[in-house]
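Number of protein chains: 4
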Amino acid sequence: MWGGRFAAKPDTVMQAINASIGVDKRLWREDIEGSKAHAAMLAACGIITRDDEAKIQAGLDDIADDIAEGRFVFDEALEDIHLNIEARLTDKIGEPGRRLHTARSRNDQVATDFKLWTARACDAAGEAVSALQVVLLDRADEHADWVMPGFTHLQTAMPITLGHHLLAYVEMLDRDAMRLAAAGSMARDGCPLGAAALAGTGFPIDRGMTAKALGFDGPAGNSLDAVSSRDFALQAVSALAISAVHLSRLAEEIVLWTSPQFGFARLSDAWSTGSSIMPQKRNPDAAELIRAKASRIAADFQALAGLMKALPLAYAKDLQEDKTLTFQAFDSFDLCTAALRGMMETITFHRAPMAAAADKGFSTATELADWLVREQAVAFRDAHHIVGACVKRAESLGLSTLSAMPLAEFAAIDPRISAEAVAQLAVDKAVEARDSLGGTAPKRVREAIARWRAALGAMDDDEA
Amino acid sequence: MWGGRFAAKPDTVMQAINASIGVDKRLWREDIEGSKAHAAMLAACGIITRDDEAKIQAGLDDIADDIAEGRFVFDEALEDIHLNIEARLTDKIGEPGRRLHTARSRNDQVATDFKLWTARACDAAGEAVSALQVVLLDRADEHADWVMPGFTHLQTAMPITLGHHLLAYVEMLDRDAMRLAAAGSMARDGCPLGAAALAGTGFPIDRGMTAKALGFDGPAGNSLDAVSSRDFALQAVSALAISAVHLSRLAEEIVLWTSPQFGFARLSDAWSTGSSIMPQKRNPDAAELIRAKASRIAADFQALAGLMKALPLAYAKDLQEDKTLTFQAFDSFDLCTAALRGMMETITFHRAPMAAAADKGFSTATELADWLVREQAVAFRDAHHIVGACVKRAESLGLSTLSAMPLAEFAAIDPRISAEAVAQLAVDKAVEARDSLGGTAPKRVREAIARWRAALGAMDDDEA
Amino acid sequence: MWGGRFAAKPDTVMQAINASIGVDKRLWREDIEGSKAHAAMLAACGIITRDDEAKIQAGLDDIADDIAEGRFVFDEALEDIHLNIEARLTDKIGEPGRRLHTARSRNDQVATDFKLWTARACDAAGEAVSALQVVLLDRADEHADWVMPGFTHLQTAMPITLGHHLLAYVEMLDRDAMRLAAAGSMARDGCPLGAAALAGTGFPIDRGMTAKALGFDGPAGNSLDAVSSRDFALQAVSALAISAVHLSRLAEEIVLWTSPQFGFARLSDAWSTGSSIMPQKRNPDAAELIRAKASRIAADFQALAGLMKALPLAYAKDLQEDKTLTFQAFDSFDLCTAALRGMMETITFHRAPMAAAADKGFSTATELADWLVREQAVAFRDAHHIVGACVKRAESLGLSTLSAMPLAEFAAIDPRISAEAVAQLAVDKAVEARDSLGGTAPKRVREAIARWRAALGAMDDDEA
Amino acid sequence: MWGGRFAAKPDTVMQAINASIGVDKRLWREDIEGSKAHAAMLAACGIITRDDEAKIQAGLDDIADDIAEGRFVFDEALEDIHLNIEARLTDKIGEPGRRLHTARSRNDQVATDFKLWTARACDAAGEAVSALQVVLLDRADEHADWVMPGFTHLQTAMPITLGHHLLAYVEMLDRDAMRLAAAGSMARDGCPLGAAALAGTGFPIDRGMTAKALGFDGPAGNSLDAVSSRDFALQAVSALAISAVHLSRLAEEIVLWTSPQFGFARLSDAWSTGSSIMPQKRNPDAAELIRAKASRIAADFQALAGLMKALPLAYAKDLQEDKTLTFQAFDSFDLCTAALRGMMETITFHRAPMAAAADKGFSTATELADWLVREQAVAFRDAHHIVGACVKRAESLGLSTLSAMPLAEFAAIDPRISAEAVAQLAVDKAVEARDSLGGTAPKRVREAIARWRAALGAMDDDEA
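Shown next as structure tokens:
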């Protein structure tokens, strides 16, 4: 803020680099809530009169309406959202407006606003994650026993079920939701209001009252920490970055699955784009952008950690950039979850190509090894060696699956391999066999779906 | 792993890029624990005999002793810790060793080892953070009422107490410890063992038994997720990165405070270094390295998020690099906490220069503004304006503190400013006045210290 | 782009994530130049008629005027700048507008636009760096012999001159300008136009003609590379990130030097900000923001590298985010150079406090060691040891400079230390003595200034 | 370094965090070369005697032999490579060893060593890049006219040739080599030796002589800059990071092409790995690790920029970490280039599956649009629309290529479409048609190969 003792006006470049109103106007709702809580407390503590408070409350409500309805003109010369609102308040109500800033500072004010905003953004992001879980659960249910190749190293490893594959993301997203909830709680931990510039205040304020009114778990315990720390934002952005990694993995799979080489799935028209020159293209643009945005959110964390690194206490202007980075991380994340939900709701899977692919590449070879261990008491490492020889032989015969190889060829390698053993090599049978807890067998998948329905349903009830 | 069906040997560059034993041998303890739990379960479920199990257990115990005592020679040709130990086991006990890998894969094995390692590393990091809190608490106690300048923008803002300043870090570290504890819990959430390569297994295993034996909260619910996800590592490294930001801020303050321009403190000899050419130097090398390591830990998070981004399920070799990054992040962090503890235990603060600095720069000007609000019912914004004029006048008189300006000068600006008002401008008085909850007044600092002693003590009791 | 074969409209979220017009409209000038060059070439090669070309050229000129004067309304439904302009062109001139996109694609079009934009942005950034060099050179000239402490580890190491210190940044910025120039050249290396979607075109185009018209050094040699690569952007952003590190170091020094503890300098009013609650503050906000922006630019590089990593050829939608990141890196950089120039032009240095600080901390101890080597043929390591003992003795006597210690005390440590030796310890003398090439002696500083004036002046002449 | 005036020994944690010998011993060769050049100059300038110099030279040569042959035992208590070598030298030759450090400091010494090391590492990395170019050129030559699908968004866009695709990487790598060469030049720009601690020296040294002896282009022009700057390392690591992005893209394509869904290629046994449980797997581990290492190298840049950010001049200990980061970036890069060369030398491509895939997905639809423009003077946008309708019709008929659709169907959509037009839709024809400069037509590919052979050959001649 300029004024008072400065003789010269700030340079226009200075104003450009310094003004944050273009970014922090997004905190208007929280700023007004914070000021209303502060005014109520000042009056309750006898620091301003009830009459002044009433005028402040009414003025702030007016301003909230003005902003909500787009009538408020933000002024860059007033730097930030706090001064824009306070100046307007004084325009509207006069003298009492000049009393509002008693026993607070922009430092505790912005920290309070930003914590509140972040807490709510974490809630919303968590809800978006849960909504995506529900979509994935529905699609897993529909495809609980559809066989597809399970890949490691993008090589066909073993047949699995599509339901099982989709449920893997339900698990990841559940941990993401937990991290977002924890980040939200951390943002509501310790209300900065009343920390003033950095040292507290000599006015007889009631910090518990404002903390409670704003939904914090209590007042921050140290005024220097309250105005200087942004680990709540770092935690929130790290939770977004980690979840975005998960979202990007599913996005990558959409890109692969819808490629003609895979042909496992087709995006709906609403989620495909064409080409200006190749009319036949169906491009998974949204999935690709999710990959890119995952990279950006991780970099937002990086930038935020980088600007906080080695900053001495207390507030420094470097912190002004925290909001841009946090806002853009949440915005990117919102688009990612919404787009992934849209794509997954409307994607069509193709059963036959998936099943055919699942059979390629000797994908059930391990079943034969397991059979040798189970039925012939062969040590696992020996069984592995025997099956390796079978695969080599099949390849040299130009076969692409083990089940296509005559029994005699198996027997030449190891006479213990019987027709029953070879029967294990069918894809459906292999999938059914892997019925350990958390395994890919359709019955296990359906159990998991039921368990998740209950868990996510219960969550809905709690919220209702 | 090479062997079986491959005709040619891997290229030596291939071996160099592929081998992980140089890194993952650090998981030996967890690998052996995991194998012991797995063998016990296989026997309990009748998959191997009790006799085989006994030999496996004894063999693994032998290997553990060999490694602990430095007798184990790791072989790069055996790629990783898992194959090194299994090969040695078979050397020692023969056939039963070849049965151990039944119903598991390296994919679930390494995920299990790595989660266990990470969980323990989070515990240790959390303890290091708590130990640093205790040191800071002790130093805060000794300096609860020492006056120093509180800075914003590295400009003197208001006088504060050193105890209050140090307590700000106790608050930050408490949240760090919470994040590390949450990361540890997440690493113990869902034991991967039994997920096998990616699809589960057809052997009738008891995953609950191994999960319990290894201290997990239960088996992982989806086998694909169990072998493919590393969000537990991302969460742990993000918790380290955030805490390292806090450590780097205190490190920066050590650098500033011990510089001759500040002269607020002096590091002990044990934590200072000299110069090869300037014999008079006392360099805060460890503090500087903490800054640098904070930057590196954030980059470790970045690298880890970058390599996971857009990886299709399930396991891919990219994940091999996860351990290097996670290990080095924990190693950096351990050095940072240990070094900061060492420095803070032995640093000497200099009372007089801090107090003198606290009085510079019109640091108590706000007290006069607050007095006008409180005693003369001036609106805050008007009081702010009046005090700005006083500061300008004092500067033009060549004074460096407001309290040195004659009362008449104040009165010329605003006749309401009395001798009593000017008395508010003394540094000690200003510090005492800021006695709102969380404020810098010595009595508030002592209350906070007592509260923290109870909290950290209670924690010790819980642990005992 | 939607249309043609798609039955359903894109989801609104899809449109939000997919549309780039909000970002890429900034390429309008380059897009129009590219289209004009393309149309001229199509006509020259007989692919469109001269009459069609004339209409296209006129239409594009009209559109350029409309955009420059703010009359053009961008339409998000038309996705990007290319389609916005092409659609408007067809509105204006009809049929010929529908012929413009012959023998090109959006892929080569955007790559061309973006390379051109980046090349020009590198030019402008390089000029901003040179302008800052000139300011620093002027200030170095004014303060060529002002003595200040030279720090290592923020400890006083040796006295240096302020001119010498400022010239260090002139050197850094020179390398920055070289990197920016190289990045600009790389962006002008290989015009993508005519690469079409990815495979080239069958129309008999003249790629040399368009490349030349647009100021490229020639056409790109491989059409897949031309549309898929963004290393020119990565190189430009890395050059910005490296330069921003340098800018942030000077910014940090501004923060330190203007702090009351240092008191070496004072920012002008135009480049200081005040506080809402502490009327006495003069905050170096712009310097702090430069630090923060340096962190952000490095993260922009990170995000860009992250989104390009492991993308198969050719164009993928992930690349859409390249522009946002590159634009914001240049915008941040522009503000940093402009702000630093403004601050350095108007900062006032304080000679006395700098000189006094230079004498603290036994800063000239090395001079005594060097004297022993030079005049008494003591081996350097022995001389170092002797001077260490002198410093220890002076400290124990409560002295803060070596020159204040009686000669007898020196002689007690080593009788070779004479009055002449002690005379070396004066700060001015020490500064003058360090007259090796590149050293801090005022005469060396003035030589360097003359050399730089010639170099930067010559540069101006070249440009004129 | 401890010693001299310090009463207490450093804490063991301090020693662990402070010692760099484990990392910087890698600079031994450069350190000895630097010391030899320094000693020769000191003698030439009469600062030490010729006799002392001879002993120093012989002693340093001995030490070089000892290190090269593994006989040198590094001592952590001596902190770093500089003190290790100097201490050994004094052990070997006595008094003259104690004179070597005259007129220099560890600050200029390490900067010199590190610049030299980086310059050479850039040379070697550039050679590795060129060697990979040659391999790619050979493989492009062998497959100049093999048809494969060209992808955008991983959707089949148009047929291209494999030779053309591989040449895209030759182009990228050429720019990478240019960047590495520029980074090498920058590292050889300005020899720091003689900058001493930060201010130059009073000894009458000849900096031009040492700079020349060590292969620098001259002495650094400012002593503060010389010891404080690390932009040469940032530039080198950024060049590696950008090139690693390119390497990771080819690595990703190897992963895709060798997956069973693509089936375009097969890695040799030497560059494949198997699975411990799935004997049929051929995993492209090295390609996956290249992806991961690309992420790590970018993070190394990030960490390096992060630790340099906002460091005041001159040397600070944060810089110690610069070497770890730079060394590991080069090590990662070396493995990436070597592995990619190994894989590309021995990979086998499968012509039939590639050609078949090239025909899928209406890949030649654009040819029809271009025919309409060329032969029927249809405006491009209209042609695009007509072809879109054809594709839609073909899809509704269950056809997967346009060429399989009866002419009557085309004619029903637009009567201008003739049999000749439909003939354009053959894959081979389409590839041949795209013969613009840089296009995919085999004749263009062969021209480009010849041009590259000449360019890379000329380079070899220059080097010979």
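Chains as they are written, first to last, in our numbering: chain L, 4 to 467; chain A, 4 to 467; chain P, 4 to 467; chain V, 4 to 467. All C-beta atoms in this analysis are idealised placements derived from N, C-alpha and C, irrespective of residue type, glycine included.
Here DSSP, grouped into helix, strand and coil, assigns residue 219 of chain V to coil.
Along the segment 414-456 of chain L, the alpha helix (DSSP H) occurs as fully enclosed runs of 4 or more residues at 422-426, 430-436, listed in sequence order.
Comparing alpha carbon positions, the residue from L/178, L/217, L/169, L/199 closest to residue 190 of chain L is L/217.
Shown here for residue 451 of chain P: same chain residues with a beta carbon closer than 7 Å to its own, the five before and five after excluded, namely 170 in chain order.
In the three-state DSSP reduction, residue 76 of chain P falls in the coil class, being neither helix nor strand. Given a length threshold of 4 residues, each whole run of the alpha helix (DSSP H) inside the segment 93-165 of chain P is given here in chain order: 98-102, 109-145. By the neighbour-count criterion, in which 16 or more other beta carbons inside 10 Å mark a residue as buried, residue 34 of chain A falls on the buried side.
Nearest CB-CB separation between residue 130 of chain V and chain A: not below the 7 Å threshold.
For residue 154 of chain L, the closest of V/212, V/264, V/82 by C-alpha to C-alpha distance is V/264.
Between residue 132 of chain L and residue 71 of chain L, the gap from beta carbon to beta carbon reaches 7 Å or more.
In the DSSP assignment, residue 268 of chain A forms a beta bridge with A/352.
Between residue 98 of chain V and residue 382 of chain P, the CB-CB gap stays under 7 Å.
With respect to residue 104 of chain V, residue 213 of chain V sits apart: the two C-beta atoms are not nearer than 7 Å.
The beta-carbon distance between residue 294 of chain L and residue 362 of chain P, rounded to whole angstroms, is 59 Å. This is too long to meet the 8 Å contact definition.
Neighbours of residue 245 of chain V in chain P, taken as residues at a C-beta separation under 8 Å, are given in chain order as 234, 237, 238, 241, 308. The three-state reading of DSSP puts residue 276 of chain P in strand, counting E and B together. Per DSSP, the beta bridge partners of residue 286 of chain A are A/276. Where residue 62 of chain V is concerned, the enclosing alpha helix (DSSP H) starts and stops at 53-71. Taking 8 Å as the upper bound for CB-CB distance, residue 389 of chain V and residue 335 of chain V are not in contact here, some 51 Å apart.
For residue 194 of chain L, the secondary structure class from DSSP, reduced to helix, strand or coil, is strand. Setting aside the 5 residues that flank it on each side, residue 28 of chain L is surrounded in the same chain by 77, 84, each with a C-beta closer than 6 Å to its C-beta; the list follows chain order. Per DSSP, reduced to three states, the secondary structure at residue 396 of chain V is helical. With a threshold of 16 other beta carbon atoms within 10 Å, residue 122 of chain V meets it and is buried. Membership of residue 240 of chain L in the alpha helix (DSSP H) is indicated by the continuous run 234-260. In this structure residue 203 of chain L does not touch residue 166 of chain A by the C-beta definition: roughly 13 Å separates them, more than the 8 Å allowed.
Distances from the alpha-carbon of residue 267 of chain P to those of P/86, P/129, P/66, P/152 put P/152 closest. The beta carbon of residue 254 of chain P sits closer than 6 Å to those of 290, 293, 294, all from its chain and outside the five residues before and after it, given in chain order.
Linking residue 161 of chain L to residue 223 of chain A through their CA atoms gives a straight-line distance of about 19 Å. Relative to the Cα of residue 136 of chain L, the nearest Cα in the group L/79, L/430, L/246, L/158 belongs to L/246. Per DSSP, residue 82 of chain P lies in no alpha helix (DSSP H) segment and is marked neither H nor E. Residues of the same chain with their beta carbon placed closer than 6 Å to that of residue 426 of chain V are lacking, with the five preceding and five following residues left out of the count. Contact annotation for residue 298 of chain L against chain P: 305, 306, 307, 308, 309, 310, 311, 312, 321, 324 [CB-CB distance below 9 Å, chain order]. Here residue 409 of chain L is exposed, its C-beta having fewer than 16 other C-beta atoms within 10 Å.
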